[in-house]
Amino acid sequence: MGPWTGLTHTDNTESRLDTGPCVPATPTNVPEPSRTDPALIRNFCIIAHIDHGKSTLADRMLQLTGVVEQRQMRAQYLDRMDIERERGITIKSQAVRLPWAPTKDEGGESATHILNMIDTPGHVDFTYEVSRSLAACEGCILLVDAAQGIEAQTLANLYLAMEHDLTIIPVLNKIDLPAAQPEKYAAELAHLIGCDPSDVLKVSAKTGEGVAELLNRVVELVPAPVGVHDAPARAMIFDSVYDAYRGVVTYVKVVDGTLGRRERIKMMSTGAAHELLEIGTNSPEMTPADGLSVGEVGYLITGVKDVRQSKVGDTITQVSGGAQEPLGGYKDPKPMVFSGLYPLDGSDYPELREALDKLQLNDAALVYEPETSAALGFGFRVGFLGLLHLEVIRERLEREFNLDLIATAPNVVYRVEMEDGTEHTVTNPSEFPVGKIDTVHEPVVRGTILAPSEFIGAIMELCQNRRGVLLGMDYLSEDRVEIRYTLPLAEVVFDFFDQLKSKTRGYASLDYEPTGEQTSELVKVDILLHGDKVDAFSAITHKDKAYAYGVRLVAKLRELIPRQNFEVPIQAAIGSRVIARETVRAIRKDVLAKCYGGDISRKRKLLEKQKEGKKRMKMVGSVEVPQEAFIAVLSSDSDGKDSKAKK
Amino acid sequence: MPEDGALPATALAGAERRPLGFYLHVPYCATRCGYCDFNTYTASELRGSGGVLASRDNYAEQVVEEIRLARKVLGDDPRAVETVFVGGGTPTLLAAADLGRMLGAIRDEFGLAEGAEVTTEANPESVDPRYLAELREAGFNRISFGMQSARQHVLKVLDRTHTPGRPETCVAEARAAGFGHVNLDLIYGTPGESDADWRASLEAALGAGPDHVSAYALIVEEGTQLARRIRRGEIPMTDDDVHADRYLIADETLTAAGFAWYEVSNWATSPAGRCRHNELYWRGADWWGAGPGAHSHVGGVRWWNVKHPGAYAQALGEGRSPGAGRELLSAEERRVERILLELRLAEGCLLELLRPAGAAAAARALADGLLEPEPYGRGQAVLTLRGRLLADAVVRDLVD
């Protein structure tokens, strides 16, 4: 616990006397929104790996600037959703306006500045959202655990921040830990960003040590935003959140001009016009204001009900006399990973649709369309930004909407060119075209892995097995390396995180970003039960791996499919060529020997129970397949999903 | 279940068109066999919660009491009793005179129909020629011996105490005493039994000259000593495929010896040799089951007695029905029961009983070789030999 533990009163003046360096300050003459001199504004974010203490640091800043009083404080104030809090990940970003009057070296205070702390999503799947958050900042705090050093994802975001020309303030956290090695990791950070190790600030977000100095450093080093005051307003959307009571809350940074309340605004990507119902800042609760001006960060509410009408990266301007040119950098979110989601109980299909509709209100990247599987019935093919996105959505569907789902193995998008010149986009392996295929293109990513150097061999072996091409390797410090590979995305979504974790005893971290596509010798492997194709089990794999995949799946199904009245061959095939085969022998006896007077009721009830069990069977042609078999086979690729999500 | 055991009027409607049988349960055994989960007790005296004593010695009195209750409940039902079956437990643990007294009560209260079938189960080691003569004297005309196996090591796993050869002698003694119908019960698939053991048991049984053989796959029931021994790994579980093989051996051997199957687990030398009592069960007729734990069925009402002999004696002593619960079968439940019971019979079940989905399933079963083509053409679903082994699976489809 921090030094506030013993506090029972919230009078800031008194507590300042009690508590040493972590004094909640209530600056005087706090500039108001829409009337803040850009020279006094500092927009920054915190780049950190999960568990490296970003939320705790943010909490301390809220307290220290007096924005949140001690009695309202709860751990990780800014993380809203339960799942985020539970998994310790931040998915949705927010921005908080913090007044801070930096203390001067010679004592005394300078003018009260406005620090806008912009929270960034912390996961690989949300690179685009991260880039928009970074684009709203002029500086960033690079926060690294002093006991662990930098992780791959942090490094990737650091590179992203450097690309945006942000001022980087390197900070080591958790210096209070016995295992902390601040000297070692300060050297590592200095090496990475090209500064002197003595420039690396050392703080403990837990105790509050060094946090005030850090805020001073932000004011000192982060450049003030620059924009044209007397120009049509241009505000960039860096986040968009659906709120059940208020509709969509849009977070913006005003680059040029001023957005006043009650103005009519326009989304420049679509031209759609909206009435501004409210504009304001978060400190940290939403506080209405007269407007937002150059360099300011805040929220606005227009009454739209769907985040797709208020897209991250879009530029907002006024309807009348608005800007002609949008700010750069807008992209439509593009799903990278697809999975079929099916209700276990077919009658839950309408509920699943409704749940997806609701989630989409708050997730512009979530796309789905109805799909029918011969084996699984009615469901949806759902597109995600990546694996974590998939898992978060699936978990929310199951937890918040009480749905039991079967999810097919995640797959990527393939582009298939036929010899006759036609082209197919394949988001579902069962739609892989038959006939004369010329080339197949698959998405590739640039993967960055950070790990202790002792694991180089294991990591390279794994990447080689996954069709990776080595791009380069660098030592971050004596015993830590950064390894870069080009990898097919399909290989990454297939069990890669788990394998990486297990081969490096959990020490490696991974980040990847899409870099395009490559042509590959890919084939579709079908699984046939009693001669009937099971669409849910079709997979696209490299031709060298097709055999192993077929053998593994066929063997697994043999264990899972109960004996039927007839012999059931289970085959894996590429086109018409069978590559693996197993047989479930026909059941020969399914009869109770005795049925006398006292047995009849029991027998009828047993029959009723068996009929219930039969209802839970899915019919594939004439073969009864227990749902458990589907779940077992399809989930084999995502075993240990928790570890994956916490990558 | 009303205290006086009264039946709804619907149960007795049209009763005169259905045969009526009596099952009398004897819940006592000298020892409990490891595979047995029947309602039976090895103590000779048991006390109910109200202190009423139930014992082997006064057991016949209680059954007679329930037969009198049956008379009251069935009111002016004019039917004479077509079949009586005494089962257990070990009926022959009681004196022959006791079994005779129970049968006498049925004769007194209901009358026995002309040519009524009167059976008792018997343990090979608990009867002798004198006992058999007394049973004949009392009116029994059919006897069923629990032979199980001709192999000592198989009998040992089953905890059967008789020596091989004794059941065959019993058959001769029963014939000598004048029993017209004699059954031998056999069990196959006991752990440790080989195909050869099973063939030997069938040959031994056939050599004794019964006119009826029942052959049952050993069912390992939850809660039995045998189930515990298998779970502990002391003896191996028999594979279902082995059961299937043994069944085929049984059918082949028995058919070759002039027997014909008439129910999945029952074979007889002629229609007259069939167990008419069991046929009542399988054809949805009426029967009254007297004794602890016995089930009864009259006109779509099924009920069952309290299981404990002490509680049973207590109820009857207080003039109450010993019924513990009952169910009134819906039309659909009766339809399902007809299918599941009649399909086990050589006559099969009427295709008319099936709904469209069930009829489609029957057509598939025919195509799969599980139903006989000729009777199918006449509107009857009759299982083939392979179909008999998969009867439960076929039933599950046909009741759709």
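Those sequence lines, one after another, are chains X and R.
First residue of the first sequence? That's 1 in the numbering used here, and the numbers climb one at a time after it.
First residue of the second sequence? That's 1001 in the numbering used here, and the numbers climb one at a time after it.
All C-beta atoms, glycine included, are put in the ideal place defined by N, C-alpha and C.
{"Query": "Name the DSSP beta bridge partners of serine 1214 of chain R, please?", "Result": "R:Asp1185 and R:Asn1266"}
{"Query": "Taking 7 Å as the cut-off, does the CB of leucine 462 of chain X come closer than this to any heavy atom belonging to the ligand ATP?", "Result": "Looking at this structure, you won't find the ligand ATP or any other ligand, since it has none at all."}
{"Query": "Is it true that the CB of glutamine 564 of chain X sits closer than 8 Å to the CB of alanine 586 of chain X?", "Result": "yes"}
{"Query": "Report yes or no: is there a C-beta of chain X within less than 8 Å of the C-beta of valine 1063 of chain R?", "Result": "no"}
{"Query": "Report buried or exposed for tyrosine 245 of chain X, applying the criterion of at least 16 other Cβ atoms within 10 angstroms of its Cβ.", "Result": "exposed"}
{"Query": "In three-state terms, what does DSSP make of proline 21 of chain X?", "Result": "Interpretation of proline 21 of chain X is limited by its pLDDT of 44, a score under 50 that renders its predicted location unreliable; the figure taken from the coordinates is listed afterwards. Residue state, collapsed to three classes: coil."}
{"Query": "Taking the straight line between their C-alpha atoms, what separation do you get for asparagine 157 of chain X and valine 130 of chain X?", "Result": "8 Å"}
{"Query": "Beta-carbon of asparagine 1278 of chain R versus every beta-carbon of chain X: anything under 8 Å?", "Result": "yes"}
{"Query": "Which residues of chain X have a Cβ atom closer than 7 Å to the Cβ of alanine 1393 of chain R, listed in chain order?", "Result": "Asn565 and Asp590"}
{"Query": "Could you list which residues in chain R have their beta carbon closer than 8 Å to that of lysine 614 of chain X, in chain order?", "Result": "Arg1396"}
{"Query": "I'd like to know if serine 1265 of chain R contacts chain X, where contact means its C-beta is closer than 8 Å to some C-beta of that chain.", "Result": "yes"}
{"Query": "Check whether the region 402-409 of chain X touches the region 329-346 of chain X, counting contact only when three or more Cβ pairs, one atom from each stretch, lie closer than 8 Å.", "Result": "yes"}
{"Query": "Taking the straight line between their C-alpha atoms, what separation do you get for leucine 277 of chain X and threonine 439 of chain X?", "Result": "52 Å"}
{"Query": "With H, G and I counted as helix, E and B as strand and the rest as coil, what does DSSP make of methionine 1001 of chain R?", "Result": "coil"}
{"Query": "Leaving out five residues on either side along the sequence, give the residues of the same chain with a beta carbon under 6 Å from the beta carbon of alanine 1174 of chain R.", "Result": "Leu1132, Ile1143 and Val1182"}
{"Query": "Determine the direct distance from the alpha carbon of serine 133 of chain X to that of threonine 120 of chain X, and round the result to whole angstroms.", "Result": "6 Å"}
{"Query": "Using a Cβ-Cβ cut-off of 8 Å, state whether glutamine 627 of chain X counts as contacting chain R.", "Result": "no"}
{"Query": "Buried or exposed: histidine 113 of chain X, going by 16 or more other Cβ atoms within 10 Å of its Cβ?", "Result": "buried"}
{"Query": "Under DSSP, the alpha helix (DSSP H) around alanine 1311 of chain R begins and ends at which residues?", "Result": "1309-1317"}
{"Query": "Opposite leucine 405 of chain X in the DSSP bridges: which residues?", "Result": "X:Pro343"}
{"Query": "Listing by chain order, which chain X residues have their CB less than 8 Å from the CB of arginine 1125 of chain R?", "Result": "Looking at the sequence provided, one finds glutamate at residue 1125 of chain R rather than arginine. Chain X residues near glutamate 1125 of chain R: none, gap ~23 Å exceeds 8 Å."}
{"Query": "For leucine 1341 of chain R, I'd like the list of residues in its chain whose CB is within less than 6 Å of its CB, leaving aside the five on either flank, ordered along the chain.", "Result": "Trp1282"}
{"Query": "Leaving out five residues on either side along the sequence, give the residues of the same chain with a beta carbon under 7 Å from the beta carbon of proline 1292 of chain R.", "Result": "His1025, Pro1027, Asn1039, Asn1305, Val1306, Lys1307, His1308, Pro1309 and Tyr1312"}
{"Query": "What are the start and end residues of the beta strand (DSSP E) that includes alanine 580 of chain X?", "Result": "577-584"}
{"Query": "If we define contact as Cβ-Cβ less than 8 Å, is leucine 529 of chain X a contact residue for chain R?", "Result": "no"}
{"Query": "Beta-carbon of arginine 1302 of chain R versus every beta-carbon of chain X: anything under 8 Å?", "Result": "yes"}
{"Query": "Rounded to the nearest angstrom, what separates aspartate 1077 of chain R and phenylalanine 1110 of chain R at their Cα positions?", "Result": "9 Å"}
{"Query": "Go ahead and pull the three-state DSSP assignment for methionine 1102 of chain R.", "Result": "helix"}
{"Query": "Name the residue from X:Thr258, X:Arg480 and X:Gly139 whose alpha carbon lies nearest to the alpha carbon of glutamate 163 of chain X.", "Result": "X:Gly139"}
{"Query": "Closer than 6 Å by C-beta to asparagine 116 of chain X: which residues in its own chain qualify, once you throw out the five before and the five after it? Chain order, please.", "Result": "Asn43, Ala95, Arg97 and Val297"}
{"Query": "Is the shortest distance between the beta-carbon of isoleucine 1067 of chain R and the beta-carbons of chain X less than 8 Å?", "Result": "no"}
{"Query": "Proline 326 of chain X: which of X:Ser320, X:Asp256, X:Thr372 and X:Ala39 sits nearest, CA to CA?", "Result": "X:Asp256"}
{"Query": "Just the chain X side, please: which residues come within less than 7 Å of glutamate 1327 of chain R by C-beta, in chain order?", "Result": "Ser601"}
{"Query": "Tell me whether threonine 1090 of chain R is buried or exposed, calling it buried when 16 or more other Cβ atoms sit within 10 Å of its Cβ.", "Result": "buried"}
{"Query": "Find the residues of chain X that neighbour leucine 1341 of chain R, judging by a C-beta separation of less than 9 Å, and give them in chain order.", "Result": "Cys595, Ile600 and Lys603"}
{"Query": "Got a sec, what are the start and stop residues for the beta strand (DSSP E) glutamate 624 of chain X sits in?", "Result": "623-626"}
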